[in-house]
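Read through the structure below, which is laid out as structure tokens, and then see the notes.
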Amino acid sequence: MLQFSAVLPLVAFISALVASSAVYLLSYSRSHKQHAMQLVVIGAGISSAFSGLIVLLMSASDRTDVSFITAWMSGNIWGSTWPFVFTILPGWLLAMGILFLKAPTLNILALGEETAVALGLKLRNEKLILLLCAVAIASAAISLTGNIGFIGLMSPHIAKKLVGKRHERYSWIALLVGSIILLIADAIGRTVMDTAFPTGIVVSLIGAPYFLYLLFARMR
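Following this line, the structure appears as structure tokens:
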């Protein structure tokens with residue numbers, strides 16, 4: 048178990064780094080500008096490629112492995128024991144510490160790339176650091192909880208509504224809000240039905256309406 052708890056986050060980090068690097072490189076342009084829609088389209092393509100790879104691995108695996116992969120993809124929190132937590136904790140704390148120190152940089156980037164360059168920000172270096180931190184945090188969490196979506200969408204928006212858009216303020220609140228949403232979804236999944244319901248499915252049932260609400264709110 049200890050070996051597996053050490054290997055899985057590392058494999059998750061390497062895979063996430065490969066995927067994010069592919070998106071970054073494919074969307075790179077000489078003007079150093081990366082449009083949001085371009086990133087979304089390329090990201091969807093990379094995601095489809097990795098989904099196909101997962102299906103290929105499942106077809107070549109035995110029933111036990113297929114059952115584990117299916118549960119992981121459904122967002123079943125399985126890495127909740129202390130060996131898994133202690134394995135990812137040092138890297139997670141380091142990445143989170145860097146992000147909190149970079150809060151002023153994130154505030155400047157929120158103003159737009161042209162403004163950031165005018166204020167003397169080195170975009171390429173800052174983006175690389177922020178990308179590595181984001182990959183480390185996301186891969187560590189997903190390696191233990193599985194494919195749980197929408198929390199990363201809901202918690203920042205709720206935090207911004209509560210304390211404003213400055214990163215040094217709302218980042219802490221986003222952490223707490225995301226944790227609370229996860230705990231509530233996990234509790235619902237374990238108590239509503241006789242058999243444990245995957246947390247990822249519960250979060251999706253909560254997050255999908257919230258996503259539509261944000262979408263329609265921006266269209267108005």
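If you count the sequence shown from 1, position 201 lands on 248 in this note's numbering, and the numbers rise without skipping. C-beta: ideal position from N, C-alpha, C; glycine also. Since this is a predicted model, take the numbers as computed values, not measurements.
Identify whether residue i lies in helix, strand or coil by the three-state DSSP scheme.
i	result
W125	coil
P130	helix
L49	No answer about L49 holds up, because its pLDDT of 49 lies below 50 and its placement is not dependable.
P245	coil
D109	coil
Y257	helix
Y217	helix
G211	coil
Near residue i, what residues of its chain come up, given a Cβ to Cβ distance below 6 angstroms and the 5 sequence neighbours on each side ignored?
i	result
L49	Note on L49: pLDDT 49, under 50, position unreliable in the model; no value is reported.
V182	A63, L64 and S67
H204	none
Quick check: residue i and residue j, are their CB atoms within less than 8 angstroms of each other?
i	j	result
I101	I145	no
V250	A234	no
L168	I155	yes
A150	S202	no
I220	G122	no
G254	L200	yes
Enumerate in chain order the residues of its own chain whose CB-to-CB distance from residue i is below 8 angstroms, with the five nearest sequence positions on each side excluded.
i	result
V58	S190
A118	W125, G193 and P245
I197	As written in the sequence, residue 197 is Phe, which differs from the Ile given in the question. Cβ within range, chain order: V250, S251, I253, G254, A255, Y257 and F258.
Give me, in chain order, the residues of the same chain whose beta-carbon lies closer than 7 angstroms to that of residue i; leave out the 5 immediate sequence neighbours on both sides.
i	result
V113	M105
S74	Q81, Q85, L86 and I89
G236	A243, F244, P245, T246 and V249
L209	I220
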